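Here is the structure we will look at.
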Amino acid sequence: MSRFTPKVEDARLASSTFSSLSGISLKPAYYQGILADLPEVGFFEIHAENYLSNGGPARHYLHKIREHYPLTVHGVGLSIGGETPLNIEHLKRVAKLVNELQPAIFSEHLAWSTHHSQFLNDLLPVPYDGPTLDRVCRHIEQVQECLQRQILLENPSTYFEFTRSDMSETDFIREIAKRTGCGLLLDVNNVEVSCFNNRTNPYDYLNDFPLNAVGQMHLAGHTIDSNTTLPLKIDSHDEPVSHDVWALYQYTCLQLNMMNQACPTLIERDGNLPPLTELLAEARYADTIRQTALRESRYEQRI
């Protein structure tokens, strides 16, 4: 049993006191423009593994930007879903960065990306069964104890389903949050991608998702591959947020507002980077949707 026992309520507390404006991914191409103009944006999010060195230009600019904006840290290499033990040295390096930056949120993926000592350049899915659930929970408890904070776990983007799975993805994630006290990062684009690929309804997925544990949301763009027989949506993060994802986001905001729960939202972009102004415009659009949903939910609660 982990000595660190966070409560699911921590995610709600963090989201209620965090910036009301949406954030965007922090990329080196934007460093100088951000510092020159100090745009109106809620926060910036970094990938932990891009900032594990002890020095260099990236760390210099990161600390300069941190003087003006909140930060969130998104891990991509802890391999929480992996069958092998966590890489302790890597975890310690991430913990050092988190302790140094004191971000508003630290999040990771329900996925695996290592095989023994090898790091894979991908986030691979896990089967939803009892042994995997036990292993993922142990890894999350280990991460939370090392970081001495609650983490948020992100729902995955998937392209197939395991025949050995004996529970739904939402039940699997709900049980993880219940057992470990971790919060959840709801990636709305991942919902669209996975449900399209698995031929399921994304609104049914959201209706069954444990929204009470959500502490942050991600929005991103995807692409469709060229296979005309069985096309797949690819979680590429190199396009603007799609109309389908904006619609799912609006629906989710309405559900969260009915629960009196606010969540900081990130516009996630990792490739084909547009001008900074375009990402800022997407963040403002997310703010507009969230504010409209808040007004609508308040009206529904009055009638």
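Numbering (the numbering used here), first residue to last: -12 to 290.
Yeah, the Cβ is synthetic: ideal placement off N, Cα and C, and Gly gets one too.
The structure presented is a predicted model; accordingly, all values stated were derived computationally and were not measured.
- Ile160 in three-state terms, based on DSSP: Residue state, collapsed to three classes: helix.
- Rounded C-alpha distance that separates Cys133 from Ile67: Cα to Cα, Cys133 sits roughly 14 Å from Ile67.
- Query: Cα separation between Asn214 and Gln89?
  - Reply: For Asn214 and Gln89, the distance between alpha carbons rounds to 44 Å.
- Message: Spatial neighbours of Gly117 within its chain, please: C-beta separation below 8 Å, excluding the five flanking residues on both sides.
- Response: The beta carbon of Gly117 sits closer than 8 Å to the beta carbons of Asp153 from its chain, once the five residues preceding and following it are set aside; these are given in chain order.
- Message: With a threshold of 7 Å on Cβ separation, who are the neighbours of Met(-12) within its own chain once the five nearest residues in sequence on each side are excluded?
- Response: Bear in mind that a pLDDT of 44 at Met(-12), under 50, signals an unreliable position, so the number given afterwards is only what the model happens to contain. There are no such residues.
- Message: On a Cα-Cα basis, can you pick out the residue from Asn37, Phe196, His126 that is closest to Asn142?
- Response: It is Phe196 whose Cα lies nearest to the Cα of Asn142.
- Query: Cβ atoms of Val130 and Leu97: under 8 Å apart, would you say?
  - Reply: With respect to Val130, Leu97 sits apart: the two C-beta atoms are not nearer than 8 Å.
- Item | Spatial distance of Gly42 from Thr279 (CA atoms) | Answer to the nearest angstrom: the Cα atoms are 43 Å apart.
- Query: Apart from the five residues on each side of it in sequence, which residues of its chain come closer than 8 Å, Cβ to Cβ, to Tyr238?
  - Reply: Taking C-beta separations shorter than 8 Å and ignoring five residues to either side along the sequence, the partners of Tyr238 in its chain run Tyr190, Leu193, following chain order.
- Task: Leaving aside the five residues before and after Leu198 along the sequence, list all residues of the same chain whose C-beta is less than 8 Å from its C-beta, in chain order.
- Result: Hits under 8 Å: Leu173, Thr239, Gln242, Leu243, Met246, Gln248.
- Task: Evaluate contact between the stretch 146 to 165 and the stretch 203 to 210, counting only Cβ atoms and requiring at least three cross-stretch pairs below 8 Å.
- Result: Using a Cβ-Cβ distance cut-off of 8 Å, the stretch 146 to 165 and the stretch 203 to 210 are not in contact, since fewer than three pairs of beta carbons, one from each stretch, lie closer than that value.
- Query: Under the rule that 16 or more other beta-carbon atoms within 10 Å means buried, what is Asp121, buried or exposed?
  - Reply: By the neighbour-count criterion, in which 16 or more other beta carbons inside 10 Å mark a residue as buried, Asp121 falls on the exposed side.
- How many whole angstroms separate the CB atoms of Val60 and Ile21, which I take to be in contact at a CB cut-off of 8 Å? Beta-carbon to beta-carbon, Val60 and Ile21 are separated by about 17 Å, too far to satisfy the 8 Å threshold.
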